[in-house]
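Protein chains in written order, with my numbering: chain U, 1 to 127; chain D, 1001 to 1127. Here the structure comes first, spelled out in structure tokens, and everything after it is commentary.
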């Protein structure tokens, strides 16, 4: 896995990852990966992140079913960010039941929720 | 500037920022902002980042002229990433002279440069 060795993992052993819908171009999520997460993401062709809050691998969609199928993996010029182009299963990336995590927009100095909830989170997370 | 107070600036006082071309949807750059950088970005409607390597505010385009005019500012669900939709002046976001910083693609376990240099960096950076 030479491609993993080329990344300057940060002090916590992580790299920032942007997930973008491969067909619409919508930016869905910014999350983090450690070495194992990126390795599994590439092997499985499904996004696996590192959850900083839970301090464990987070197989995106493991509870919700909203997995991200990886179409393309890109790296930026200074190799400290990864771009995943994905097919977002269920059309919902956010735990709030929205398409994208970036559902708030700055308007006149305030963060305003602009995108609709597509599915009630209580129906997504049954536990 | 209440909207700045709502962000959980990390231990270094920074937040991750994704810049996306507002018209094409192409992801251009991932960079970082501190409080002052985001304040100035919103005031000037042009991207101002925090350069972690130079440890100073980095007015994107200050040398190259490739400024990013801000069309929209978005925030993600856990408020630890900002999405800027921008008009990329000159059509070049990367210091390598490419449209996007994400010009390398993972192919068969190798990072392969896939996007062309649009302008020789020696012609962009005269100093």
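We treat Cβ as the ideally placed atom computed from N, Cα and C, and that holds for glycine.
- Under the 8 Å criterion on CB atoms, residue 1012(D) is classed as non-interfacial with respect to chain U.
- Note on residue 125(U): under 16 other CB atoms within 10 angstroms of its CB, so exposed under the neighbour-count rule.
- Runs of alpha helix (DSSP H) with 4 or more residues, each lying fully within the region 1017 to 1100 of chain D, are found at 1035 to 1044, listed in chain order.
- Judged by pairs of C-beta atoms under 8 Å, the region 1056 to 1063 of chain D does not touch the region 113 to 122 of chain U, as fewer than three such pairs exist.
- Apart from sequence neighbours up to five positions away, the residues of its chain that approach residue 1026(D) with a beta-carbon distance below 8 Å are 1020, 1099 and 1100, ordered along the chain.
- Residue-level contact check: residue 105(U) touches chain D, since one or more beta carbons of chain D fall below 8 Å from its beta carbon.
- Below the 7 Å Cβ cutoff, chain U contributes no neighbours of residue 1065(D), its closest Cβ being approximately 18 Å away.
- By the 16-neighbour rule on beta-carbons within 10 angstroms, residue 1044(D) is exposed.
- Collapsing the DSSP output to three states places residue 1123(D) in a helix.
- No residue range can be given for residue 7(U), since it is assigned to no alpha helix (DSSP H) and is classified by DSSP as neither H nor E.
- Apart from the 5 residues on each side of it in sequence, residue 8(U) sits with its Cβ closer than 7 Å to the Cβ of 79 and 80 in its chain, given in chain order.
- The beta carbon of residue 66(U) sits closer than 6 Å to those of 89, 90 and 92, all from its chain and outside the five residues before and after it, given in chain order.
- The continuous beta strand (DSSP E) containing residue 106(U) extends over residues 104 to 107.
- A check of alpha carbon separations from residue 1023(D) across 1121(D), 1063(D), 1039(D) and 1086(D) identifies 1086(D) as the nearest.
- Rounded to whole angstroms, the gap between the alpha carbons of residue 1049(D) and residue 73(U) is 25 Å.
- Taking C-beta atoms as the reference points, residue 1004(D) and residue 1039(D) count as a pair closer than 8 Å.
- Note on geometry: alpha-carbon atoms of residue 16(U) and residue 1123(D) lie some 31 Å from one another.
- Within the region 1051 to 1084 of chain D, the residues whose Cβ lies closer than 7 Å to some Cβ of chain U are 1072, 1073, 1074, 1075, 1076, 1077, 1081 and 1083, listed in chain order.
- Among the residues of chain U, those whose CB is under 8 Å from the CB of residue 1006(D) are 111, following chain order.
- Inclusion of residue 2(U) and residue 1013(D) in the CB contact set at 8 Å is not warranted, their separation being larger than that value.
- In the DSSP assignment, residue 1112(D) is bridged to 1105(D).
- Nearest in C-alpha terms to residue 1053(D), of all of 1035(D), 1031(D) and 1041(D), is 1031(D).
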